[in-house]
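S.K.: The structure follows.
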Amino acid sequence: MVRRTERLGAAVLAGLLLASVLVGCAAKGESPSGVAAPVAITDGPTDAPSDEVDGEPSPSVSAVESMGSAPSRSATPKPKTRKKPTRAAPKPRAVPKPPTETEVPPAPPKPAPSSCKPTYKGSQASRSEVKAALTDAASRTYWPSSAPDIKIPLNLLKATAWQESGWQSNIYACDGGVGLLQVMPDTATWMNQRFEKSYKIDAYQDNAYLGATYLAWATKYIGDMYFESDFRLDPALCTSELNSCLLNAVIAAYNFGHGAVAQEGKPLTIPNPSYVRNVRALMNECVCLSY
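Just add 787 to the spot in the sequence shown (first one is 1) and you have the numbering used here.
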């Protein structure tokens, strides 16, 4: 609030003195010290899918609001400045380019019967251990030469691990999936050969690396074919159309395999919308984000 002075004369005199000081400074080519510059007010984008389907989760209002940044305020009102537009993402190509990766992972196996129950082997890693493993995996550069800008967002890796296993490091699914990221043994073998690694599928740290490696590989593969090698996994680039952004395509490929999403000569396909919406919702609202 602005405090009122008790005497009008004192206010007028103070104003005249301040004006004379400012004029003197301007005459010397200096700017007055202590005068605040205009503060830019920006609004952050939300990433909630708008095409909600009955029975499928969507981000809550609180989660959506949390994606925006609160406006900054200065001591005195200042004119707003427009936020500079960020680089727009290319729309997915209707006819994809030929893939740059000619060797591809094996297709995922058929789903196991719903009556089959998973088994557990060995000891369960603690939440803090899982968090550390996922954080380390997300911080790595998987394509240091051809695509060093590819990064796997930590909230994507956390959400995918929660969707796949509930962060259970010692779980073995009936379809063959192992551990945190439910990595398939054949897929792990292929990725170790492709990237010249020796990750162990049943070690939770290595399992996290294997899952992140597949996400990074799918980002490169699909990004080259459909998105002009723009590898940003940014929810703000997605629209209500699930096939509008690379993020949704990579999530879909993790679950259904790259071949169900990206095919030569065909438009980008999202064959598992429920899975994609679940992971996207978990990226904002998963309890695992606070671990």
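A virtual CB, placed ideally from N, CA and C, is assigned to each residue, including glycine.
The structure displayed is predicted, hence computed values, not measured ones.
What are the complete alpha helix (DSSP H) segments, minimum 4 residues, inside the stretch 916-974?
M.R.: 941-952
S.K.: Would DSSP call Thr1006 helix, strand or coil?
M.R.: helix
S.K.: Which residue from Ala960, Ser1061, His1045 puts its Cα closest to that of Thr889?
M.R.: His1045
S.K.: Can you have a look at Val965 and say buried or exposed, based on whether 16 or more other CB atoms are within 10 angstroms of its CB?
M.R.: buried
S.K.: Where do the N-terminal and C-terminal ends of the alpha helix (DSSP H) with Tyr1041 fall, by residue?
M.R.: 1033-1043
S.K.: Which one of Val970, Asn1059, Trp977, Tyr996 has the shortest CA to CA distance from Ala925?
M.R.: Tyr996
S.K.: Check whether the stretch 927-946 and the stretch 1016-1033 touch, using three or more Cβ-Cβ pairs below 8 angstroms as the test.
M.R.: yes
S.K.: Out of Gln1050, Cys961, Thr976, Glu1028, point me to the one whose CA is closest to Val1063's CA.
M.R.: Glu1028
S.K.: Going by beta-carbon coordinates alone, are Arg1011 and Pro886 separated by less than 9 angstroms?
M.R.: Looking at the sequence provided, one finds Asp at residue 1011 rather than Arg. Closer than 9 angstroms, so yes.
S.K.: If you drop the 5 nearest sequence neighbours on each side, which residues of the same chain put their C-beta closer than 7 angstroms to that of Phe982?
M.R.: Closer than 7 angstroms at the Cβ level, and outside the excluded window around Phe982, lie Thr1000.
S.K.: Rounded to whole angstroms, what is the Cα-Cα separation between Pro864 and Leu1055?
M.R.: Note that Pro864 scores 49 on pLDDT, short of 50, meaning its location in the model is unreliable; the coordinates nonetheless yield the value given after this. Taking the straight line joining both Cα atoms gives about 48 angstroms.
S.K.: Can you give me the start and stop residues for the alpha helix (DSSP H) that Pro1060 sits inside?
M.R.: 1060-1072
S.K.: When we look at the beta-carbon of Glu951 and count the other beta-carbons within 10 Å, is it buried (16 or more) or exposed?
M.R.: buried
S.K.: Inspect the beta-carbon positions of Ala1003 and Ile939 and report whether they are closer than 9 angstroms.
M.R.: yes
S.K.: Tell me whether Tyr1078 sits in a helix, a strand or coil according to DSSP, three-state version.
M.R.: coil
S.K.: Tell me the DSSP bridge mates of Tyr907?
M.R.: Ile958
S.K.: How close, in whole Å, do the beta carbons of Met1070 and Leu943 come, if the pair is a contact with beta carbons under 8 angstroms?
M.R.: 6 angstroms
S.K.: So Phe1043 and Asn1059 are supposed to be a Cβ contact under 8 angstroms. How far apart are they, rounded?
M.R.: Sure, about 5 angstroms apart at Cβ, within 8 angstroms.
S.K.: Can you find the residues in the same chain that come closer than 6 angstroms, C-beta to C-beta, to Thr906, ignoring five residues on each side of it along the sequence?
M.R.: Tyr959
S.K.: With a threshold of 8 angstroms (Cβ to nearest heavy atom), would Asn1065 be considered close to the ligand ATP?
M.R.: In the structure on display, the ligand ATP does not appear, and there are no ligands present to speak of.
S.K.: Give every residue of the same chain whose Cβ lies closer than 7 angstroms to the Cβ of Arg880, excluding the five residues on either side of it in the sequence, and list them in chain order.
M.R.: So the qualifying residues of the chain are Tyr1013.
S.K.: DSSP three-state label for Ser1047, please.
M.R.: With the sequence shown as reference, residue 1047 is identified as Ala, and Ser is not the correct amino acid for it. Ala1047: helix per DSSP, three-state reduction.
S.K.: What's the gap between the Cα of Asp923 and the Cα of Val917?
M.R.: 10 angstroms
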